[in-house]
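Report on the following structure.
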Amino acid sequence: MSDFKALMENSLIIHRCTVFHWKDYQFSDTGEYKDKYWLTLNCKINEFPINVILPTSQHDNHYYSNQINLIDCVIIEKNESKYFNKEKTILDLKNIIREEEYEDGFLIEQGPLEGNLCTRLESAIENAETLEDYLIAELLCIDQ
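Read in order, the letters of the sequence shown correspond to residues 533 to 676 in the numbering used here.
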């Protein structure tokens with residue numbers, strides 16, 4: 533496993549609000565491997581480590597059926613994005629991680645998130661109820 537910094541120096545360019553697909557991503561909470569989409573929230577190109585939101589299409593599970601769990605979420609409706617077009621997708625601000633490692637060859641850039649969706653995401657960050665003020669400032673690139 534190589535780190536992001538070395539990879540970025542060689543080939544990967546990470547922009548803000550870029551969608552990536554990671555084949556066989558290992559979930560830290562379950563140890564399970566599944567394909568996963570990432571949405572970057574870094575302020576500068578190739579900033580290290582990067583803040584990543586992990587979109588989920590599990591909108592119909594027990595957790596998201598409870599309205600209280602939709603606080604600080606951006607919902608992308610079916611066909612509202614070319615990357616998330618098969619079903620409703622949730623961008624849950626409570627599901628932001630700082631990623632420092634990358635498995636070589638598994639992360640594939642898909643392209644930039646649509647501008648209106650990136651604007652909605654940034655608005656949700658600005659008005660977040662569950663994020664600390666310092667994290668909101670960091671995610672909105674204030675004082676960067």
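Note that the Cβ used here is the ideal one computed from N, Cα and C, for glycine as well. In this text, all values refer to a predicted model and were calculated from it rather than measured experimentally.
- Boundaries of the beta strand (DSSP E) harbouring Ile608: 605 to 608, taken from the DSSP string.
- Taking a contact to require three or more Cβ pairs closer than 8 Å, the segment 615 to 622 and the segment 654 to 661 do not qualify as touching.
- If you ignore the 5 residues before and after Glu564, its C-beta comes within less than 8 Å of the C-beta of Gln558, all in its own chain and listed in chain order.
- The Cβ neighbour count for Ile674, taken over all protein chains shown within 10 Å, is under 16; the residue is labelled exposed.
- Burial state of Asp624 is buried, judged by a 10 Å Cβ sphere holding 16 or more other Cβ atoms.
- For the pair Leu667 and Asn611, the Cα-to-Cα distance works out to about 30 Å.
- Every alpha helix (DSSP H) stretch that sits fully inside the segment 642 to 670 and reaches 4 residues is listed by chain position as 647 to 658.
- Asn593 counts as exposed, since fewer than 16 other beta carbons sit within 10 angstroms of its beta carbon.
- Every alpha helix (DSSP H) stretch that sits fully inside the segment 541 to 598 and reaches 4 residues is listed by chain position as 594 to 597.
- Glu631 has its alpha-carbon roughly 17 Å from the corresponding atom of Thr588.
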